[in-house]
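Asker: Numbering (the numbering used here), first residue to last: 161 to 240.
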Amino acid sequence: KDCDQSYLTAIGPLGILTTRNKIAGKDEQFLLEESKLQICLVASNGKLVSIKQGIDLSANQYERDHSSIFQLEYDDDFHA
161 KDCDQSYLTA IGPLGILTTR NKIAGKDEQF LLEESKLQIC LVASNGKLVS IKQGIDLSAN
221 QYERDHSSIF QLEYDDDFHA
């Protein structure tokens with residue numbers, strides 16, 4: 161609940177999170193799962209590294225979004 165006693169809910173096709181309803185229904189129920197580490201990389205020019213223009217990485221934005229958040233995974237088969 162927020163300070164107005166409204167529950168967190170996802171709205172619209174993008175699932176924007178906001179608080180709206182005073183009574184918790186199906187849309188206000190979330191399952192929290194443990195996830196792998198996520199990072200944002202900042203280049204020397206102060207811009208965030210992203211994959212916005214395809215597969216290549218580039219430092220081209222100041223706003224953080226889904227294209228500038230990377231998941232770290234441990235590779236058991238890799239040996240340095």
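Cβ coordinates follow ideal geometry from the N, Cα and C atoms, glycine included.
1) Taking the continuous beta strand (DSSP E) assigned at Arg-224, which residues delimit it?
2) Leaving out the 5 sequence neighbours to the left and right, which residues in its chain are closer than 8 Å to Leu-232 when beta-carbon positions are compared?
3) Looking at the secondary structure, which residues open and close the beta strand (DSSP E) in which Ile-183 lies?
4) On the DSSP letters alone, give me the boundaries of the beta strand (DSSP E) that Ile-215 sits inside.
5) Name the two residues that bound the continuous beta strand (DSSP E) containing Ile-211.
6) Tell me whether Gln-165 sits in a helix, a strand or coil according to DSSP, three-state version.
7) With 16 as the cutoff for other CB atoms within 10 Å, does Ser-210 come out buried or exposed?
8) Please report the distance separating the alpha-carbon of Glu-188 from that of Ile-229.
Answerer: Considering the structure as presented:
1) DSSP places Arg-224 outside any beta strand (DSSP E), giving it a letter other than H or E.
2) Closer than 8 Å at Cβ, skipping near neighbours: Lys-196, Leu-197, Gln-198, Ile-199.
3) Neither: Ile-183 is in no beta strand (DSSP E) and is coded neither H nor E.
4) It is not in any beta strand (DSSP E) - Ile-215 carries neither H nor E in the DSSP assignment.
5) Ile-211 -> no beta strand (DSSP E), and no H or E assigned at all.
6) coil
7) buried
8) Our two residues, Glu-188 and Ile-229, have alpha carbons roughly 25 Å apart in a direct line.
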